[in-house]
Amino acid sequence: MNLVLLGPPGAGKGTQAERLQESLGVAHLSTGAILRAAVAQGTDLGRQVKDVIEHGDLVPDDMMVAVISHRIDETDCAKGFILDGFPRTVAQAEALDHLLGERDLALDAVIVMAVDEDALVDRITGRYTCDDCGAGYHDRNLKPRVEGVCDRCGGCEFTRRADDNEETVRDRLTHYHDMTAPLLPYYEGRGLLRKVDGMAEIENIAEAIAAVLRAA
Ligand code: AMP
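Start counting the sequence shown at 191; every next residue gets the next number (this note's numbering).
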């Protein structure tokens with residue numbers, strides 16, 4: 191199964207994609223995570239995108255298409271993939287159609303997580319992840335059971351993203367409206383768009399997505 195998760199930054203795409211990765215046995219491809227790993231490792235790609243990411247701007251389309259083109263050929267994508275953070279522009283969506291067509295693949299659904307944007311800045315500026323296993327937490331909405339200790343792996347080191355500050359979040363939201371929101375009519379026109387309420391509880395969103403996929 192090949193899916194795209196759409197929605198503004200902070201909509202909860204990563205959380206749902208992780209759950210889907212487990213329940214469907216497909217790969218979770220987060221372009222943001224791929225780029226952050228490249229920055230951390232100091233690769234050529236990482237050096238080229240570091241400033242762009244930290245300012246909340248978009249990495250050029252051709253670079254992103256090259257990243258995804260290589261990534262979907264890796265073995266963990268053989269049963270399918272969930273794209274989280276890609277495509278982010280209509281040009282990327284067109285390139286994705288082309289890439290999939292070349293491989294005789296297609297998208298099964300594009301799930302958009304609808305959220306109340308006033309809540310997003312609060313959601314994003316409070317979030318952090320476990321350094322060891324990547325589990326996500328939030329200062330107010332999703333605390334670990336024992337403060338400072340990861341529920342999943344017991345790790346005690348956590349990281350906040352450099353671009354999760356209020357000023358950068360507002361720029362990322364502007365880019366979402368200008369560049370990414372046009373993907374909704376793009377996929378609606380192809381009969382692929384499915385909307386879920388991204389403001390519901392995490393469990394209920396997961397159930398809504400599962401229902402959408404049963405019907406896909
Ligand atoms: P995310 O983790 O999806 O919020 O992405 C973090 C940052 O990585 C974004 O603010 C962009 O700077 C960059 N990025 C991730 N995916 C893309 C993409 N598909 N196109 C352009 N830039 C991207």
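Don't be surprised by glycine CBs; every beta carbon is placed ideally from N, CA and C.
The structure presented is a predicted model; accordingly, all values stated were derived computationally and were not measured.
Check                                                                                                             : Outcome
Who are F348's beta bridge partners in DSSP?                                                                      : C320
Just checking my contact of R342 with C323 at CB under 8 Å: how many whole Å lie between their CB atoms?          : 5 Å
Would you say the beta carbon of A223 is closer than 8 Å to some non-hydrogen atom of ligand 1?                   : yes
I want to check one thing, is the minimum distance from the CB of M254 to the heavy atoms of ligand 1 below 8 Å?  : yes
Cβ atoms of L363 and P250: under 9 Å apart, would you say?                                                        : no
Quick check: the segment 273–288 against the segment 212–232, are there 3 or more CB pairs under 8 Å?             : yes
Taking Cβ to Cβ, would you say L235 is nearer than 9 Å to V257?                                                   : yes
Closer than 8 Å to a non-hydrogen atom of ligand 1 - does that hold for the CB of I243?                           : yes
Using a Cβ-based criterion (distance less than 8 Å to any ligand heavy atom), does G275 qualify as near ligand 1? : yes
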